[in-house]
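Engineer: Have a look at this one.
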Amino acid sequence: MEQFYETMKAFIDSAGWFAPVLFILLHLIRPLLFLPVVVVCITGGVLFGFVKGVLLSYIGLSILALSTYWMVDQSPKFKAKIDRLKEKFMHDKTISLGQVMVLRVMPFVSFNLLSVYLMEMTKSYKEYALYSLLGLIAPAVLYTAFGNAISTLSWLTMLLLLLVLVTVYFFVGKVHKSRTTAD
1 MEQFYETMKA FIDSAGWFAP VLFILLHLIR PLLFLPVVVV CITGGVLFGF
51 VKGVLLSYIG LSILALSTYW MVDQSPKFKA KIDRLKEKFM HDKTISLGQV
101 MVLRVMPFVS FNLLSVYLME MTKSYKEYAL YSLLGLIAPA VLYTAFGNAI
151 STLSWLTMLL LLLVLVTVYF FVGKVHKSRT TAD
């Protein structure tokens with residue numbers, strides 16, 4: 001493993017400006033390769049370091065999120081596939097903006113599915129872009145910074161972390177429901 005890491009670092013160093021471009025392209029084709037966001041962000045942290053890895057992951061995630069709006073808007077077939085995915089996992093449940101932001105931090109949750117939810121919650125592309133760009137900061141930073149630590153955690157610790165995230169998700173949903181029923 002150490003030799004692989006050294007080989008990859010040497011490739012990154014020799015590739016110059018092309019390596020970050022390839023990494024951003026990896027983010028863009030990630031959904032087609034069925035790679036989870038967390039895996040790509042961890043890779044960015046390992047290969048480019050924390051600051052550059054976060055920046056490159058944020059750029060790649062942002063381009064993908066902003067282009068997803070256009071793809072869904074332009075392709076009814078793509079929207080139908082995402083809607084089927086949404087129905088399969090959420091069964092007509094509505095979620096709040098806060099819940100979308102919490103779900104973005106949870107590993108292995110489809111960012112494209114969350115983008116569709118965000119599209120339905122926002123009134124315009126500008127509002128969607130604002131919430132998308134803000135919502136991508138946390139996963140880019142967390143996955144890159146803590147990626148190696150998360151991958152070395154015990155199953156018990158990972159389950160506890162997941163339990164905390166699920167609790168926060170439901171708490172944010174209850175706060176949202178109490179606000180909407182009070183209005």
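Under full-length UniProt numbering, the sequence shown is numbered contiguously, ending at residue 183. Glycine is no exception: its CB is placed at the ideal position from the N, C-alpha and C atoms. Note that the structure is a prediction, hence the values are computed from the model and not measured.
Evaluate H27 with the Cβ neighbour count: other Cβ atoms within 10 Å of its Cβ, from every protein chain shown; 16 or more gives buried, anything less gives exposed.
Structural biologist: buried
Engineer: Would you check if the stretch 22-41 and the stretch 103-111 touch, i.e. whether three or more CB-CB distances between them fall below 8 Å?
Structural biologist: yes
Engineer: Report the start-end ranges of each alpha helix (DSSP H) in the stretch 3-37 that is 4 residues or longer and not cut off at the edges.
Structural biologist: 18-29
Engineer: What residue ranges within the stretch 76-133 form continuous alpha helix (DSSP H) runs of no fewer than 4 residues, ordered along the chain?
Structural biologist: With a minimum length of 4 residues, the continuous alpha helix (DSSP H) runs that stay inside the stretch 76-133 are 76-90, 97-105 and 111-121.
Engineer: In terms of residue numbering, what span does the alpha helix (DSSP H) encompassing L136 cover?
Structural biologist: Segment: none, L136 is in no alpha helix (DSSP H) and carries neither H nor E.
Engineer: Counting along the chain, where does the alpha helix (DSSP H) carrying G60 start and finish?
Structural biologist: Note, G60: alpha helix (DSSP H), F50 to Q74.
Engineer: Tell whether a beta-carbon distance below 9 Å holds between L133 and L113.
Structural biologist: no
Engineer: Quick check on this structure: which residue in P31, L56 and L32 has the alpha carbon closest to the alpha carbon of I42?
Structural biologist: L56
Engineer: May I have the straight-line CA-CA distance separating S14 from M121, to the nearest angstrom?
Structural biologist: 44 Å
Engineer: Less than 8 Å between C-beta atoms, sequence neighbours within five positions excluded: which residues of the same chain meet that for S62?
Structural biologist: S132, L133 and L136
Engineer: If the criterion is Cβ atoms closer than 9 Å, does the pair V102 and L165 meet it?
Structural biologist: yes
Engineer: CB K9 to CB L47, shorter than 9 Å?
Structural biologist: yes
Engineer: Figure out for me which residue from S115, S67 and L142 has the closest Cα to the Cα of G53.
Structural biologist: L142
Engineer: According to the neighbour-count rule (16 or more other Cβ atoms, all chains shown, within 10 Å of its Cβ), is S124 buried or exposed?
Structural biologist: exposed
Engineer: Would you kindly work out how many angstroms separate the C-alpha atoms of P76 and P31, rounded to a whole number?
Structural biologist: 18 Å
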